[in-house]
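Some notes on the structure that comes next.
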DNA sequence: GTCTATATCCAGATAGAC
DNA sequence: GTCTATCTGGATATAGAC
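Protein chains in written order, with our numbering: chain A, 315 to 515; chain B, 315 to 515.
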């Protein structure tokens with residue numbers, strides 16, 4: 315009996331994941347309001363009504379995706395900061411991994427697009443805005459700290475660290491968007507171009 | 315009689331402009347599909363039905379805004395390229411003017427957001443997609459040509475010029491988005507950070 | 001030119017059969 | 001768990017009065 319309940323729960327979770335992953339691509343491409351429940355159900359190969367056995371509303375699906383996007387990003391930042399490496403190496407590693415991510419994991423660029431849509435759009439539920447407000451500064455803070463450390467170390471250029479952190483993330487986000495928008499045609503730029511923005515030669 | 319017709323036409327055009335400028339802000343913030351005709355009419359202080367005396371549909375408003383956004387951007391690029399300046403100076407000028415634009419003209423960042431929404435979204439009419447496909451490469455091409463000239467001149471770093479052009483525009487677009495998303499809190503970074511990406515010291 | 005009222009459509013969510 | 005049928009609300013666009 316308990317076995318059965320566990321198995322059911324597992325199947326339920328898997329189905330939820332499947333719906334979420336289809337919804338991610340749709341939300342990223344069309345935004346929250348232009349994505350219909352029928353789009354999501356069709357992409358998942360199930361009837362429209364069945365969606366509501368797994369989620370309470372379209373907004374709930376959106377909210378879960380946004381939460382997990384920030385969770386992934388902020389976890390990665392936390393781990394980067396804790397690595398036992400000098401700031402200079404952290405910056406190089408971050409840029410290389412982020413650029414690599416665009417090519418290797420297809421979902422990555424969709425997440426960038428999703429977060430962007432949600433950050434920018436006024437047409438998202440309040441709870442989602444709250445998640446964004448609470449979580450979106452963290453990557454900037456981490457990068458600013460690393461850059462300041464790097465300036466003490468002497469490896470990072472002597473511009474305002476906050477400015478450098480802003481340039482760091484806007485460039486990464488911009489590239490993620492480019493990839494999402496142009497798909498096949500997109501080619502990551504030479505990482506040395508980006509590394510050179512922050513590090514002295 | 316002709317006087318009257320001219321005057322009427324002028325008033326009509328002015329009203330259209332006023333509707334367009336309100337719609338720009340709404341579309342940029344919420345996207346095409348989440349922006350309701352009533353949002354636009356309310357922002358313009360007129361009844362919902364009256365919108366249809368000036369435009370055939372919500373999509374037509376969107377299309378006009380996209381057209382004029384690309385027109386402005388591509389005209390600016392064409393003029394930049396024609397300036398009687400060495401490549402090095404063109405790059406510095408472009409970065410300074412683009413960053414300045416964020417602070418001086420409020421509308422600029424909304425246009426970036428609008429173009430981004432339209433480029434990325436599958437939920438836009440076919441005609442809009444066609445405009446985007448035909449117009450969106452031009453700024454990249456211009457910048458690539460300027461960068462190549464600069465490499466011949468010896469002032470521009472020796473990375474792949476296409477990569478540099480991509481980094482140029484993704485960084486600018488990213489900053490435009492930041493400004494649009496964070497409004498008040500946004501502060502343009504030191505232009506020298508960006509100039510240094512492209513030019514040798 | 002401008003408004004109010006309304007026809008029409010479409011999407012989110014629910015109910016109930018299997 | 002899954003589907004089909006349906007309720008309900010809201011948004012586009014039109015019609016018609018002023």
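Just so it is clear, CB atoms sit at the ideal spot from N, CA and C, and this is done for glycine as well.
Among 411/B, 464/B, 459/B, 463/B, which has the Cα closest to the Cα of residue 505/B?
-> 411/B
What in chain B is Cβ-close to residue 345/A, meaning under 9 Å?
-> 344, 345, 346, 347, 348, 431, 434, 435, 437
Out of curiosity, what's the CA-to-CA distance linking residue 344/B and residue 387/A?
-> 24 Å
Please classify residue 499/A: is it buried, with 16 or more other beta-carbons within 10 angstroms of its beta-carbon, or exposed?
-> exposed
Status (buried if at least 16 other CB within 10 Å, exposed otherwise) for residue 355/A = buried
Touching by the beta-carbon criterion (3+ pairs, under 8 Å), the region 387–404 of chain A and the region 460–471 of chain A = yes
Give, in chain order, every residue of the region 463–486 of chain B whose Cβ lies closer than 7 Å to some Cβ of chain A.
-> 473, 474, 477, 478, 480, 481, 484, 485
Please decide whether residue 408/B counts as near chain A, where near means a Cβ-Cβ distance under 8 Å.
-> no
Among 448/A, 508/A, 456/A, the one whose alpha carbon lies nearest that of residue 390/A = 456/A
Spell out whether any CB of chain A is found under 8 Å from the CB atom of residue 459/B.
-> no
In terms of residues, what are the limits of the alpha helix (DSSP H) holding residue 390/A?
-> 372–396
Which of helix, strand or coil does DSSP assign to residue 513/B?
-> strand
Answer with yes or no whether the minimum CB distance from residue 310/A to chain B is below 8 Å.
-> Any property of residue 310/A remains undetermined from this structure, which presents chain A solely from 315 to 515.
Does residue 413/A have its Cβ less than 8 Å from a Cβ in chain B?
-> no
Spell out whether any CB of chain A is found under 8 Å from the CB atom of residue 492/B.
-> yes
DSSP beta-bridge partners for residue 470/B?
-> 513/B
On the premise that residue 489/B lies in contact with residue 416/B, defined as a C-beta separation below 8 Å, what is that separation, rounded to the nearest angstrom?
-> 7 Å
Cβ neighbour criterion (16 or more within 10 Å) applied to residue 472/B | exposed
Buried or exposed: where does residue 318/A fall if 16 or more other Cβ atoms within 10 Å of its Cβ makes it buried?
-> exposed
For the putative contact between residue 358/A and residue 445/A, defined by C-beta atoms under 8 Å, what is the C-beta separation to the nearest angstrom?
-> Not really, about 24 Å apart at Cβ, beyond 8 Å.
Contact check, residue 428/A vs residue 379/A under 8 Å by CB: the rounded distance?
-> 6 Å
Let me know the secondary structure DSSP gives residue 333/A once reduced to three states.
-> helix
Does the beta-carbon of residue 336/A have 16 or more other beta-carbons within 10 angstroms, so that it is buried, or is it exposed?
-> buried
Residue 439/A vs residue 480/B beta-carbon contact at 8 Å | no
Residue interval of the alpha helix (DSSP H) (run including residue 437/A) = Counting along the chain, residue 437/A falls outside any alpha helix (DSSP H), and DSSP gives it neither H nor E.
In angstroms, rounded to a whole number, what distance separates the CA positions of residue 453/B and residue 512/A?
-> 25 Å
How is the alpha helix (DSSP H) around residue 484/A delimited, first residue to last?
-> 475–496
At a Cβ threshold of 8 Å, is residue 509/B touching chain A?
-> no
Could you tell me which chain B residues have their CB closer than 8 Å to the CB of residue 506/A, listed as they occur along the chain?
-> 473
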